[in-house]
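Residue numbers (my numbering), protein chains in the order written: chain L, 179 to 676; chain U, 20 to 341; chain P, 98 to 378; chain F, -19 to 288; chain S, 17 to 340. The C-beta atom is built at its ideal place from N, Cα and C for all residues, glycine as well. A short worksheet on the structure shown next.
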Ligand SMILES: Nc1ncnc2c1ncn2[C@@H]1O[C@H](COP(=O)(O)OP(=O)(O)OP(=O)(O)O)[C@@H](O)[C@H]1O
Ligand SMILES: Nc1ncnc2c1ncn2[C@@H]1O[C@H](COP(=O)(O)OP(=O)(O)OP(=O)(O)O)[C@@H](O)[C@H]1O
Ligand SMILES: [Mg+2]
Ligand SMILES: [Mg+2]
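Printed below as a string of structure tokens:
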């Protein structure tokens, strides 16, 4: 009897199929359980796994599974499930997550062993990702393509009753659920009987719904509405550290950004603090590197951090031979310093982009904005030649995202910066494949991260906070939210107050 | 006392005076022709008599209209509405457009008798069929159920006449009832109207611009020129001895049987428009006999000849001038 | 000539006078924007963001601290500019297509009108959305989408005018004295078909302003920092509760202008006495 | 009437063919490969080829059209590429919402519009006429997303009479219907008024006055009936507008419907859905004009006889 | 008829014209014959009148005469040339010699043209250039010829009365000095006093310029006054050709027409010959005589067999039972 709402980017996720899906919304975690969960401090906690261990060479992982777990359709969850599950990723978009697992061995009914192709320090992180929700094998094989659309069967605290894409998902409590993780007080079953998760594309509509009680919980709150919501007595706003970075990739292969000085100038022109303070009212944090601040790899040498420095920016431009023209735009050899600045539609993007545009203008770079819808922008990137600057964002809680966006293997898209130099590739290889331990991996990634920063392949802009809000008239949530996001472990403890 | 007496009627639309002191009278059993060229105010007279001036933003500025002892100039609208269709009926110029195109013609005749005689649906229908028979409409029952566009022009005009007769009126105003029709049909319709006057003792105000129709159908005739009366009198008198130069010229404009080639000349000049009526006698710019007083003085009516014609001219033509 | 008299009497009419004044104001704003606007339209001042209307900023500032009045004045230039240019184009192309279809008749007419009927029967916003998906967002795409969206309307209107005019005696008279097709089309048909099409075009400018605003709402119209009324409203939506003036004033600008266009168009239609000719079918 | 009906029905065939060809063609002009969208995260050329073949995107356009049309006639609009459901079922799931919103908005526009138009004509040139006609004009001259937001602010937030958005209860329909409908009210009222004024000028109406009917009898019994002829046509045409043109309103009110389905499909380049939606809208428009024409024919004998 | 100059200027040779009406795309296609097998010579220098009821095909005949419509069957010869055989350019040149004055003066001048533009248009079309002064002069002379004040040249049609506009139409028709003028009810929409003026003007021009007229009218009185020969049409066909205005009519329809006309003389009132029956539809033309349904002399033969136009002397009549 509660209504939640997801907004903006979460709207329109086409299915609840964690294996093949590339977009999953927040309700996903209520239907499917994962082997592991990650807490706010990035530590791992067992969910469907009770314990795990790794051989010292990193070539074998053994997981003990929770007993007595059943899927919504009554089928048992056991080691066989995992044996069936992992190979299902082959050929899907998410295959890379388990790419290093060579084979799955069933040790006993509740013990399973992964035989690795190569050590993967990131395995636990991957297994805690939302794409690692485990679907019921029988239903999955029966439904085929329709799994996650017409029905979604998992072991989670809620069963999917109905799903209308782009509109709403109705979830009913799984009364058999008793296997909650240690991140929740209540281990199951959940306290709220039915949850309707609505998808509301227009931010202000979503905000007004929360305000008028049409919606009891908003998964993401646009910062615009924060002051207003905070003033509302019956609404509680909660913030957890963000998982997102907004940044400006710079195409290093296109004039004038082939000149590192111009790249640096563009990067130093961005006033992260002003954007953070004015556009976001001081919520979240200004970003000075490519990674979210909760990651160890983000603690880089302050010298390579990129922070607003207009004087340095102007000086660099002067040095590069770009002199200030009559209209304030810089000129070199009769050529104006006029560049393309791409962005996706969506209020937030456009706003940041407009602010960046004005800041670039201040140092003498004229940037012309083009707004694309998300799918055509990728098609444009793939042409590899036209784009110069863009405003983009990603949401990820692992340093391997640097590989995703800067590896020479993925030029155009997702390597929008088109960075492809030997040193970077070398560092990439070290970070991605050569580390055997977590600490080693951290060190390697940090080096890789610092190098990318030093190349000015992008400019960091802003690190949003994860904000959600709920109506205290209707709901009671734990004071402290565990986990990286608002997921099932918190909802298990949530209750309807009246 | 005549059934209809129009005395010095003046009518304006907005600020424009269109009719100026028009007078005529009409008795039961009589056909009065109202002739004049386009724009002379014939239809406006009809509209005034029907009490429909307000529809076009017009009003009576002077004069009196008496119908069967009732002063129509001061009659309130509800009372006028009772009169309309029931005692005074209108047959309009264009049968093609005077019927509601999406109702059967029968229903439209029925509507009139239900409205005025308070008949039931069945009785109204019977009466309509009866009227249609009287007007010699073949296959009346079938035609009763047809729509206007399915009928010929002559047939539609007969339906309009039936509609006019449905209220059993005393006075019928027929505004150019045959202009839109072919000659052979025109003859029939005029014949039907004249027969009605003879059989029922109706009064018929026959508005036309066709002197041939006047000659063949009317007892008396009133000639209008540019919103004013020119001459009124018995039809034989007017044709044989026109006193007004305009009447004479008008008659001269119609080619007669065996008229010698080259003898038809028309009236020089143009019919004046309401916005630029000349001073004095409105005909004087075209008149061959115009004298100085014609340019300044509005001629008053004078009774001329044995038939009692009234002529509005300073210099009426001598009798026997033809 | 007659059109000028009609224009004058439309301006003098009770509905025409105030609406003509408003339109004159909007057009002046569009033309003289650089001189009228108190601030540059793109000058950001993040410190002075989202300020209520005050003496310094008569209509307040937006989320970047830009002066709203200046942006609305420049927005008139963009919104009216796009609407007027694209509708003019649409009128011109529609005129040619409609004239060809109406004059030639036969299968050319059937094919052209079948296509026109199909596009005509889809809401312009959908046509525009589909076209922008093809062309990519931006002011010129929005313009092309508007041009194409309204094309069918003018083609149909022109065609019906031409077909009606073909029956006019003076056209037959022109043929009877030995005129060729081009002469008949250029001297008799098109000039006489023009008035209603232009008036319909003028009314469509109002619709086009709204269409552009709606595209702007979806972020598909003018690209920042260029202000169009639609783009202004689109960014104002987020502020609707905190800073209602950011969306209220551009909305009013649109509403008032479009109402004025409609009222003036009405007055013009009456003055030209072409209400019947504007009806189709 | 029956003959007319059959003829009118046959007329739909070429219209449908042209419409479906246009719909099919438009969709294939859209850049941005749907396959690219499915391959967001690094994948092999083989997989790409496999998907292309699966959706038949590699065959010549004409063949694709033929195959598509044939399937359309069998009630199969294909499976959505991204949403992985039969397009027919997606459309069927959304259609009721579109029909409810469109139908009610149309009914609202028609009833209120005709009533206002008729009253304005009856009291022509009075203050009522002028003020009401100007006020409702605003309904059509304000961008409807703006109107929708204002409606939410006033009636949902301030007054709390209706839910802000969604489609879960009947009362959630009220504000969207009003928003879509208000634009129509202005249109219908203006058409009604213009048509009535024009009818009132016709000879036969003059004859009705001469027959002795009262103004009310004339306006309600005859003039309005005639004025309904163009109104009915417009209403028929508007079915397309309200069913598909409510995109913005569906977006603002977070409602399901063909419009929002189409928008999301456009964003994701989901060809089959785009085609299906446009086709549905085209068919709705065709049926709308058909119904409008039939209603006209029922009301006007001249049309039945092919005289107009 | 032997003198080459007296060869007819215009010849209709078995000319028919069909119109097809279709209701919509899939509607029934119905063909109607508006002009039905007309064979007729228009002698040079004479006025040939055509009378008949509304819709009997008079205007269609006029358009066929000038090749504004193509005959469905048969040929129209102007000065001996088959108009259908001419190339478009040649036909346009030929049009200089044959002109038309239309029924409705109100719509026969382009409202955007000044009167001068209207009367000078024929020159423009035929590429005859004038200096502005010459043009002015020429227009003035044409207007004068049509009995109009040359100062009207600067005016626009809406500033003129119907009679004046009709004179402009005549001036335009005269511009290229044609030999043949087709007059399609040129006075039907004018007042009698103006009608008489126009007829007088036409008569004057004819005698001065030696024109040939094809004069179409529904007004029998006028035709009898103005014309040398009268062609009576009924339902698309010429049913009688009277060689002179006082020739005795022999077709029952012609008689009905004569008797239906109202004489402008109250002393000679007469009863109307009442026609019964309906005019048959041109879509469903009866096999026999088209007038049979309304004719009091009709026999079985009239319904079955179509009478042909038989010429006796210069009088022709198409009737199985001609009157004497
Ligand atoms: N509704 C109107 N508003 C203004 N003037 C009008 C109106 N109706 C008629 N008139 C003017 O009144 C004068 C008389 O018109 P009316 O219709 O009575 O003429 P008529 O004699 O019937 O002419 P016709 O033979 O053409 O029918 C004309 O000058 C006409 O222009
Ligand atoms: N362009 C056309 N298309 C179809 N039918 C036509 C066309 N022109 C004329 N007709 C039909 O041909 C028939 C003869 O028409 P036409 O105009 O020649 O008659 P008319 O004798 O001139 O009549 P009126 O006296 O009314 O002018 C009519 O039934 C008419 O409807
Ligand atoms: Mg009249
Ligand atoms: Mg004719």
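- In the structure shown, residue 290 (chain P) falls within a helical segment according to DSSP collapsed to helix, strand and coil.
- From the listed residues P:268, P:221 and P:363, the smallest Cα separation to residue 293 (chain P) is found for P:363.
- For ligand 1, the residues with a Cβ under 5 Å from any of its heavy atoms are, in chain order, U:32, U:37, U:57, U:58, U:59, U:60, U:61, U:62, U:63, U:75 and U:293.
- Nearest to residue 156 (chain U) by C-alpha distance, out of U:176, U:45, U:142 and U:168, is U:176.
- For the segment 188 to 203 of chain L, the beta-carbon criterion of a distance under 7 Å to any beta-carbon of chain F is satisfied by 190, 192, 193 and 200.
- If you check the CB distance, residue 615 (chain L) and residue 569 (chain L) do not come in under 8 Å.
- Residue 250 (chain U) sits buried, since 16 or more C-beta atoms from the chains shown fall within 10 Å of its C-beta.
- When distances are taken from the beta-carbon of residue 331 (chain U) to the heavy atoms of ligand 2, even the shortest one reaches 7 Å or more.
- By alpha-carbon distance to residue 202 (chain S), the top candidate from S:195, S:173, S:224 and S:235 is S:235.
- Neighbours of residue 199 (chain F) across chain L, judged by C-beta separation under 9 Å, do not exist; the nearest C-beta is about 44 Å away.
- At a cut-off of 8 Å, the C-beta of residue 132 (chain U) has no neighbouring C-beta in chain F.
- By the criterion of a C-beta distance shorter than 6 Å, residue 237 (chain L) is surrounded in its chain by 294, once the five residues flanking it on both sides are discounted.
- Of the candidates U:72, U:63, U:27 and U:133, the residue whose Cα lies closest to the Cα of residue 85 (chain U) is U:27.
- For residue 247 (chain P), the three-state secondary structure derived from DSSP is helix.
- Residue state for residue 170 (chain U) is assigned as coil, using DSSP reduced to three classes.
- Note on geometry: alpha-carbon atoms of residue 179 (chain F) and residue 207 (chain F) lie some 7 Å from one another.
- For residue 269 (chain U), the closest Cβ of chain S is nearer than 8 Å.
- Non-local C-beta neighbours of residue 288 (chain U) in its own chain, meaning closer than 6 Å and more than five positions away in sequence, comprise 304 and 305, ordered along the chain.
- Bounds of the beta strand (DSSP E) holding residue 518 (chain L) are 516 to 522.
- A straight-line Cα-Cα distance of about 11 Å links residue 311 (chain P) and residue 319 (chain P).
- Assignment of residue 30 (chain U) by DSSP, reduced to helix, strand and coil, places it in the strand class.
- At least one heavy atom of ligand 4 lies less than 7 Å from the C-beta of residue 75 (chain S).
- Interface criterion not met: the Cβ of residue 106 (chain P) is under 8 Å from no Cβ in chain S.
- Per the DSSP secondary-structure output, residue 641 (chain L) pairs in a beta bridge with L:463.
- Against residue 205 (chain P), chain F offers no close residue; the least beta-carbon distance is about 14 Å (beta-carbon pairs closer than 9 Å).
- Within the same chain, 337, 339 and 372 come within 6 Å of residue 350 (chain L) by CB-CB distance, once the 5 residues on both sides are set aside.
- Straight-line spacing of the CA atoms in residue 168 (chain U) and residue 169 (chain P) works out to 57 Å.
- Short of 8 Å from the beta carbon of residue 226 (chain F), and not among the five residues preceding or following it, lie these beta carbons of its own chain, in chain order: 78, 81, 82, 85, 156, 160, 237 and 239.
- The beta carbon of residue 628 (chain L) is closer than 7 Å to those of 478, 479 and 482 in its chain, skipping five residues each way along the sequence.
- In the DSSP assignment, residue 89 (chain F) falls outside any beta strand (DSSP E) and within the unbroken alpha helix (DSSP H) covering 67 to 102.
- The Cβ-Cβ distance between residue 37 (chain U) and residue 60 (chain U) falls below 8 Å.
- Burial is judged here by how many other beta carbons sit within 10 angstroms of a residue's own beta carbon; residue -3 (chain F) has fewer than 16 and is exposed.
- Judged by the Cβ position, residue 172 (chain U) fails to qualify as a neighbour of ligand 2 at the 7 Å threshold, every heavy atom of the ligand being at least this far.
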